[in-house]
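Asker:
Number of protein chains: 2
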Amino acid sequence: MYPFSEELIINRIKEVLITGNNEIDKVFTYILESNGKMLRPRLIFLTASLYNHKPEVVKDIAVAVELIHLASLIHDDVIDKSLKRRGRDSVNAVWNNQVSVLAGDYLFATAFNLINRYGLPSVLENITETIQTMCAGEINQMALAYNLDINEDDYYLKTYQKTSCLFASSSKIGALISSAPKSEVIALENFGKNLGYAYQIIDDVLDFVSDSQLLGKPAGNDLIQGNITLPVIYALKNEGYSQITKTLIQECQIPEKMDLLIDVLWESKSIDQSVLTSQEFLNLGVNHISTLANSTVRKELELLAYRMLEHYYKKIKKVNMIAKKGAVQKNGTACSLNY
Amino acid sequence: MYPFSEELIINRIKEVLITGNNEIDKVFTYILESNGKMLRPRLIFLTASLYNHKPEVVKDIAVAVELIHLASLIHDDVIDKSLKRRGRDSVNAVWNNQVSVLAGDYLFATAFNLINRYGLPSVLENITETIQTMCAGEINQMALAYNLDINEDDYYLKTYQKTSCLFASSSKIGALISSAPKSEVIALENFGKNLGYAYQIIDDVLDFVSDSQLLGKPAGNDLIQGNITLPVIYALKNEGYSQITKTLIQECQIPEKMDLLIDVLWESKSIDQSVLTSQEFLNLGVNHISTLANSTVRKELELLAYRMLEHYYKKIKKVNMIAKKGAVQKNGTACSLNY
Numbered sequence: 018m019y020p021f022s023e024e025l026i027i028n029r030i031k032e033v034l035i036t037g038n039n040e041i042d043k044v045f046t047y048i049l050e051s052n053g054k055m056l057r058p059r060l061i062f063l064t065a066s067l068y069n070h071k072p073e074v075v076k077d078i079a080v081a082v083e084l085i086h087l088a089s090l091i092h093d094d095v096i097d098k099s100l101k102r103r104g105r106d107s108v109n110a111v112w113n114n115q116v117s118v119l120a121g122d123y124l125f126a127t128a129f130n131l132i133n134r135y136g137l138p139s140v141l142e143n144i145t146e147t148i149q150t151m152c153a154g155e156i157n158q159m160a161l162a163y164n165l166d167i168n169e170d171d172y173y174l175k176t177y178q179k180t181s182c183l184f185a186s187s188s189k190i191g192a193l194i195s196s197a198p199k200s201e202v203i204a205l206e207n208f209g210k211n212l213g214y215a216y217q218i219i220d221d222v223l224d225f226v227s228d229s230q231l232l233g234k235p236a237g238n239d240l241i242q243g244n245i246t247l248p249v250i251y252a253l254k255n256e257g258y259s260q261i262t263k264t265l266i267q268e269c270q271i272p273e274k275m276d277l278l279i280d281v282l283w284e285s286k287s288i289d290q291s292v293l294t295s296q297e298f299l300n301l302g303v304n305h306i307s308t309l310a311n312s313t314v315r316k317e318l319e320l321l322a323y324r325m326l327e328h329y330y331k332k333i334k335k336v337n338m339i340a341k342k343g344a345v346q347k348n349g350t351a352c353s354l355n356y
Numbered sequence: 018m019y020p021f022s023e024e025l026i027i028n029r030i031k032e033v034l035i036t037g038n039n040e041i042d043k044v045f046t047y048i049l050e051s052n053g054k055m056l057r058p059r060l061i062f063l064t065a066s067l068y069n070h071k072p073e074v075v076k077d078i079a080v081a082v083e084l085i086h087l088a089s090l091i092h093d094d095v096i097d098k099s100l101k102r103r104g105r106d107s108v109n110a111v112w113n114n115q116v117s118v119l120a121g122d123y124l125f126a127t128a129f130n131l132i133n134r135y136g137l138p139s140v141l142e143n144i145t146e147t148i149q150t151m152c153a154g155e156i157n158q159m160a161l162a163y164n165l166d167i168n169e170d171d172y173y174l175k176t177y178q179k180t181s182c183l184f185a186s187s188s189k190i191g192a193l194i195s196s197a198p199k200s201e202v203i204a205l206e207n208f209g210k211n212l213g214y215a216y217q218i219i220d221d222v223l224d225f226v227s228d229s230q231l232l233g234k235p236a237g238n239d240l241i242q243g244n245i246t247l248p249v250i251y252a253l254k255n256e257g258y259s260q261i262t263k264t265l266i267q268e269c270q271i272p273e274k275m276d277l278l279i280d281v282l283w284e285s286k287s288i289d290q291s292v293l294t295s296q297e298f299l300n301l302g303v304n305h306i307s308t309l310a311n312s313t314v315r316k317e318l319e320l321l322a323y324r325m326l327e328h329y330y331k332k333i334k335k336v337n338m339i340a341k342k343g344a345v346q347k348n349g350t351a352c353s354l355n356y
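For the protein sequence lines, the chains are A and B, in the order given. First residue of the first sequence? That's 18 in our numbering, and the numbers climb one at a time after it. First residue of the second sequence? That's 18 in our numbering, and the numbers climb one at a time after it.
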């Protein structure tokens, strides 16, 4: 089945999304102009390729999962009122919330329609339960917004619901559609789940350390939206920095205060600690598939996991060095805030 | 299978929606406090009862279709920015758009999960295609908003996409899950489709003639939102009233102008004509099942169709009489507007 090709997925998405409906076609054409990293279809391709599989089925299931991911992104942008996605205007920015809600619903329906063609009840069961988990998770996240008492367990639960469950589902589905032995289905599901944690933690770190122009939103936007992520939880737990972190969070809408808070996250080693935690999840994930037969595909899966995050680890390290230089100059300001 | 009971459906919905998730449970508990007329599950119960069927399957498929209908209503209220639904605050009014989007997605996923339990690919295919039609239709409707050149064909297409297709689907699905002969599946689908047209036309008429307090929105709200419906199309086509209709539409945001426009719809017989058209669809629908074996269940289906609309036909007739009395007093104003 592999090598995986983005073009293969995009072309098939276009085939199943052609509606002959001028208006909705415009929306989908726009969405497909900038595709993401396609991690979930990649996972399905690779995990399915570990066993005997039907290439056409694997391709369509991978497409269905990408459609579900796209639907959830479009709906997320409505939920978060985000005007940028993948460096471009989001669907709700170009059209409006109404079109976004409908386009997302259409994508969900198309995905289920596609899975249904192959009579795979276990896949459909897994995917529908995953969507339920994602939705319930988002509603929980709203209830937890701005709550500084959130602990690591709360964070991991919401991270599972938000990201890990669909990574876990993708890895599991690949195995399910190629009749993998039950124990290996579980191993692959755990691989995906831990990869999801590793990925989301880094995504949360990047929200603080990326260039705001690149993000298309101010650095620290998650926090501004009330989403308390791992680096902040670490800083709040750190006795020496807990109070200043709390104080700065209250004022984090002010860009200068957010800059100071980001300095605190670096100084308290909360960012380094988050990166380490992400790496631990990555290793844990890879460990789960270490018992699988040593094949080229297994190696590819491990490489996918490492490569997926290596780029970001390096990027954060680079920002760290720049931040350290800045910190020397900024120490005066920092001291005046008594931290 | 029948008699149908609303309680049966509501209790099963509660069973499948119990999430153990406090936040999302609150939303669903609220939604289930006021159930609608449950026309779609009723159609499934009755059409399935025409043939051999498994009661548990019929119940769950009827529940799934009601969940899809609920999901589409919740998303519709986001799309239309409606703050009222079934005489109470809508989900987006009580919570917000975000929770509405997620709750709708959750309901869709739950519906597909439920259908999937019975391995009914033809049902899932039909339902996913129906949702695609509904979404594409809504996006089309937005593109047609405020377009006074819309003709009857455009109206029937959007009515099919908005309402008829899910009525058609419900009737067809009932037949599909009870292995009806192919010709009867088609007859029942046509019955549902025409019933859907009849129903939506009346819904569109009621938007003009109902008490605004009862509607929870101003009379003529569809038009204010840019949705041109059959009574308006008839008035625009009517030479004697075309110009005054156009003029009043331009100013229909002003309550007094909307009142005048509603007078025009009565005087030009556009409302009566719409009611007649609805009745024609109703008869056409019932005619489609006239070839089915003459059974108690068939009679029940016919009764459901007639009773569903009779109440509204009577209501419109009553308003007509009141309107006629009012028109005598209002004629002065009307004449001054040269119609």
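C-beta: ideal position from N, C-alpha, C; glycine also.
(1) My parser needs the alpha helix (DSSP H) runs of 4 or more residues fully inside the region 146 to 234 of chain B; what are they?
(2) Can you look up Lys332 (chain B) in the DSSP assignment and give me helix, strand or coil?
(3) In terms of residues, what are the limits of the alpha helix (DSSP H) holding Pro20 (chain B)?
(4) Listed in chain order, which residues of the region 88 to 108 of chain B have Cβ atoms closer than 7 Å to some Cβ of chain A?
(5) Is the beta carbon of Ser295 (chain B) sitting closer than 8 Å to the one on Ile245 (chain B)?
(6) List, in order along the chain, the chain B residues whose C-beta lies closer than 9 Å to that of Glu142 (chain A)?
(7) Grab me the residues of Ser188 (chain A)'s own chain with a C-beta within less than 7 Å of its C-beta, minus the 5 sequence neighbours each way, in chain order.
(8) Is there at least one Cβ from chain A nearer than 8 Å to Phe298 (chain B)'s Cβ?
(9) Tell me the residue span of the alpha helix (DSSP H) that contains Lys254 (chain A).
(10) Whose C-alpha, out of B:Gln115, B:Pro20, B:Leu212, is nearest the C-alpha of Ala160 (chain A)?
(11) Run the CB neighbour count on Ala120 (chain B), radius 10 Å, all protein chains shown included, and call it buried at 16 or more, exposed below.
(12) With the cut-off set at 8 Å, would you say Leu84 (chain A) and Thr150 (chain A) are in Cβ contact?
(13) So what does DSSP say about Asp97 (chain A), is it helix, strand or coil?
(14) Terminal residues of the continuous alpha helix (DSSP H) containing Gly302 (chain A)?
(15) What in chain A is Cβ-close to Asn38 (chain B), meaning under 7 Å?
(16) Starting from Met275 (chain A), trace the alpha helix (DSSP H) both ways and give me its first and last residue.
(17) If we define contact as Cβ-Cβ less than 8 Å, is Pro9 (chain B) a contact residue for chain A?
(18) Using the Cα positions of Asp96 (chain B) and Leu174 (chain B), report the straight-line distance between them to the nearest angstrom.
(19) Hey, Leu141 (chain B) and Val80 (chain B) are a contact pair by Cβ (cut 8 Å); roughly how many whole angstroms apart?
(20) Beta-carbon within less than 6 Å of Ile35 (chain A)'s beta-carbon, same chain only, minus the 5 sequence neighbours each way: which residues are those?
(21) Here's the rule I'm using: 16 or more other beta-carbon atoms within 10 Å means buried, otherwise exposed. How should Cys352 (chain B) be labelled?
(22) Could you compute how far the alpha carbon of Tyr330 (chain B) sits from the alpha carbon of Leu223 (chain B)?
(23) Taking only beta-carbon atoms, is Glu73 (chain B) less than 8 Å away from chain A?
(24) Which residues of chain A have a Cβ atom closer than 7 Å to the Cβ of Val118 (chain B), listed in chain order?
(25) Tell me which residue opens and which closes the alpha helix (DSSP H) that Tyr47 (chain B) is part of.
(26) Return the CA-CA distance between Leu278 (chain A) and Thr262 (chain A), expressed in angstroms with no decimal places.
(27) Measuring CB to CB, does Ser181 (chain A) end up less than 8 Å from Tyr214 (chain A)?
(28) Arg59 (chain B) by DSSP, collapsed to three states: which one?
(29) 8 Å is my cut-off, CB to CB: does Cys83 (chain A) come that close to chain B?
(30) Can you check whether the C-beta of Asp122 (chain A) is within less than 8 Å of a C-beta belonging to chain B?
(31) Have a look at Ser117 (chain A) and His70 (chain A) and give me their C-alpha separation to the nearest angstrom.
(32) Measuring only the C-alpha atoms, how far is Arg134 (chain B) from Leu25 (chain B)?
(33) How many Å lie between Ala197 (chain A) and Thr176 (chain A) at the Cα?
(34) From the DSSP output, read off the bridge partner residues of Asp106 (chain A).
(35) Could you check if Tyr163 (chain A) is buried or exposed, using at least 16 other CB atoms within 10 Å of its CB as the buried criterion?
Answerer: Quick answer:
(1) 169 to 176, 182 to 193, 199 to 226, 229 to 232
(2) helix
(3) Segment: none, Pro20 (chain B) is in no alpha helix (DSSP H) and carries neither H nor E.
(4) His92, Val95, Ile96
(5) no
(6) Asn130, Asn133, Arg134
(7) Leu60, Thr64, Leu205, Glu206, Phe208, Gly209
(8) no
(9) 247 to 254
(10) B:Gln115
(11) buried
(12) no
(13) coil
(14) 287 to 305
(15) Ala153, Asn157
(16) 272 to 284
(17) Past the edges of chain B, shown from 18 to 356, lies residue 9 (chain B), and the structure says nothing about it.
(18) It is worth fixing the name first, because residue 96 (chain B) is Ile in this sequence and not Asp. So the alpha carbons of these two residues sit roughly 19 Å apart.
(19) In fact, because the Cβ distance is near 15 Å, the residues do not count as touching under 8 Å.
(20) none
(21) Note that Cys352 (chain B) has pLDDT 25, beneath the 50 cutoff, so the model's placement of it is unreliable and the number below is only indicative. Exposed, because fewer than 16 other Cβ atoms sit within 10 Å of the Cβ of Cys352 (chain B).
(22) 10 Å
(23) no
(24) His92, Val95, Ile96, Val118
(25) 39 to 49
(26) 7 Å
(27) yes
(28) helix
(29) What sits at residue 83 (chain A) in the sequence shown is Glu, not Cys. No, Glu83 (chain A) does not count as interfacial toward chain B.
(30) yes
(31) 35 Å
(32) 19 Å
(33) 27 Å
(34) A:Lys101
(35) exposed
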